[in-house]
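Residue numbers (my numbering): -12 to 471. Note that the Cβ used here is the ideal one computed from N, Cα and C, for glycine as well. Quick caveat, the model's predicted, so the values are computed rather than measured.
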Ligand code: ADP
């Protein structure tokens, strides 16, 4: 008799191609399909936000409607089913909560997000053929699932075997709200969950998941260790330390079809590791687009990023003047804090032909940046995983990173004695370490082209596909489901 597949419900507030606000959307869009198959029946649950394109909503089938209890409220929830590229998606529909222009950032987010978690659990009573063995929750938007499961559904037989895995994509966003909400919205006042959610004078959704989930994971092994320290732990480090035996880190992958220099339709010329002539054409085109001097011999350093402190922008603007006195070019593609946008405008006006700033979000242009650059800068303060460095390597653009989180786990620093490496890195969050590392990388480009070419080959040949990550998630599911 064939082995019965384990059932996994993958819960997230966003997933490509339906909803995307950040990296979580990419992960939730790619990973479930890689996990679904021989051993696991993986289905995905998402909110039916009004931003989802009509192309998909037209194909959804109404399955049923139910009422979701949320403290003293009872709220309507429609379940819409979509079969898309071999996967089953459940979309939870409530126009009062989800008919908004943006996914998050509203005054009633606490209630909207609590509703989503509660509705996921309520829905299971209507899916007799799919009581999950495991609910894989992602970030603070689904952090209340393990809490509600334990406190509100634990007495129901069909819920008793359900395990929960909680994956942290970014600890910076935890879902912190005034304490009064614990009774009025969550309906958890006076329960054992109350002290577990309390966080000073507030309540914290992620703290609840960190306590109640059967297992925790982050999106890189280094970040899993880092969140156990005070510097990175966002005042929850003590809780993560106490759960270290059930905390793993698995590096994200990238979409190797979307980011494929040999077939990418968004770049002016395609190229491969064995024929980089197209890359030279991409560089010349990018220099032209950005108003930089069109020169193959000068290293072109770029940054494709949100312009925020997390991404190390303060380090960059601190050293940029000195760095631009070298024979280098620097260009930034990004939007973010006004002060950094202002600084980048300033540097491009003071160093015309050497420095450029494209202060916008432009997916097509980002491909041209990845393809046309020599070095990609990512001096992050913290980086749960980071995708840009992996995309850059695929396009033969060597990352210059700070050794933190996923950057540390994905970029192998250059070793001048062995020639090994896929990029350059520095350890401390220090502007002069960044400057020194950047200067060394630029110098290698100018003066040792063979060594630079060797690194480029290593970077382009590295495997950052989802297949490798998916194998690790499968192993984690296996471990978790095997435990009693
Ligand atoms: P984070 O999710 O913290 O912003 P990541 O490195 O994980 O950082 O992912 C950033 C993604 O967003 C990458 O795919 C990157 O190419 C893309 N990106 C960032 N800024 C821009 C921009 N201005 N235009 C186009 N794409 C961008």
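Practice problem: Could you tell me whether any non-hydrogen atom of ligand 1 is closer than 6 Å to the CB of residue 320? | Solution: yes
Quiz item: DSSP on residue 186, reduced to helix/strand/coil?
Solution: strand
Practice problem: For residue 343, I'd like the list of residues in its chain whose CB is within less than 7 Å of its CB, leaving aside the five on either flank, ordered along the chain. | Solution: 277, 278, 279, 318 and 335
Self-check item: Spatial neighbours of residue 226 in its chain, beta-carbon cut-off 8 Å, leaving aside the 5 residues before and after
Solution: 194, 197 and 198
Quiz item: Hey, residue 357 and residue 382: beta-carbon distance below 7 Å or not?
Solution: yes
Quiz item: Measuring from the CB of residue 90, is there a heavy atom of ligand 1 at a distance below 6 Å?
Solution: no
Self-check item: Between the CA atoms of residue 426 and residue 120 - distance to the nearest angstrom
Solution: 52 Å
Quiz item: I think residue 346 touches residue 322, with their Cβ atoms under 8 Å apart; what is that distance to the nearest whole Å?
Solution: 6 Å
Practice problem: Can you check the region 246 to 293 for any alpha helix (DSSP H) of at least 4 residues that lies completely inside it and give the ranges in chain order? | Solution: 264 to 277
Practice problem: In the DSSP assignment, find the unbroken beta strand (DSSP E) run with residue 387 in it and report its ends. | Solution: 385 to 389
Quiz item: Do the CB positions of residue 30 and residue -4 come within less than 7 Å of each other?
Solution: yes
Self-check item: Residues that residue 378 bridges to, as DSSP identifies them
Solution: None, per the DSSP bridge assignment.
Quiz item: In whole angstroms, what is the alpha-carbon distance linking residue 466 and residue 132?
Solution: 21 Å
Quiz prompt | The beta strand (DSSP E) enclosing residue 144, as first and last residue numbers | solution = First-last for residue 144: undefined, no H or E at that position.
Practice problem: Could you tell me the distance, in whole angstroms, from the CA atom of residue 240 to the CA atom of residue 462? | Solution: 16 Å
Quiz item: Ends of the beta strand (DSSP E) at residue -6?
Solution: -7 to -2
Quiz item: Is residue 207 closer than 7 Å to residue 232 when the C-beta atoms are compared?
Solution: no
Exercise. Rank 359, 252, 228 and 69 by C-alpha distance to the C-alpha of residue 268 and give the top, closest one.
Key: 359
Self-check item: Reduced DSSP category for residue 158 - H, G, I as helix; E, B as strand; rest coil
Solution: coil
Self-check item: Whole beta strand (DSSP E) elements within the region 51 to 91, 3-residue minimum
Solution: 60 to 71 and 74 to 80
Practice problem: For residue 151, write down the residues that DSSP places opposite it in a beta bridge. | Solution: 122
Practice problem: Drop a sphere of 10 angstroms on the beta-carbon of residue 192, count the other beta-carbons inside from all chains shown, and report buried for 16 or more, exposed for fewer. | Solution: buried
Practice problem: Could you tell me how far apart the beta carbons of residue 295 and residue 320 are, in whole angstroms, since I believe they sit closer than 8 Å? | Solution: That belief does not hold up - the Cβ atoms of residue 295 and residue 320 are roughly 14 Å apart, past 8 Å.
Exercise. Assuming residue 397 and residue 238 form a contact by the criterion Cβ under 8 Å, report the distance between their Cβ atoms to the nearest whole angstrom.
Key: 6 Å
Quiz item: Just checking, does the region 398 to 412 make contact with the region 438 to 449 on the three C-beta pairs under 8 Å criterion?
Solution: yes
Quiz item: If you run the structure through DSSP and keep just helix, strand and coil, what is residue 214?
Solution: coil
Quiz item: If you draw a straight line from the C-alpha of residue 103 to the C-alpha of residue 352, how long is it?
Solution: 35 Å
Quiz item: Any heavy atom of ligand 1 closer than 6 Å to the CB of residue 348?
Solution: yes
Quiz prompt | Per-residue DSSP class, three states only, for residue 327 | solution = helix
Quiz item: Is DSSP giving residue 47 helix, strand or coil here?
Solution: coil
Quiz item: Under 6 Å from any heavy atom of ligand 1, does the C-beta of residue 367 make it?
Solution: no
Quiz item: Can you tell which of 455, 372 and 437 has its C-alpha closest to the C-alpha of residue 9?
Solution: 372
Self-check item: Cβ-based burial, residue 209 [other Cβ within 10 Å; buried from 16]
Solution: buried
Quiz item: Can you name, in chain order, every residue of its own chain whose Cβ lies under 7 Å from the Cβ of residue 69, other than the five neighbours on each side?
Solution: 43, 46, 47, 76 and 78
Quiz item: Is there at least one non-hydrogen atom of ligand 1 closer than 6 Å to the beta-carbon of residue 6?
Solution: no
Quiz item: How would you call residue 67, buried or exposed, if buried means at least 16 neighbouring beta carbons within 10 angstroms?
Solution: buried
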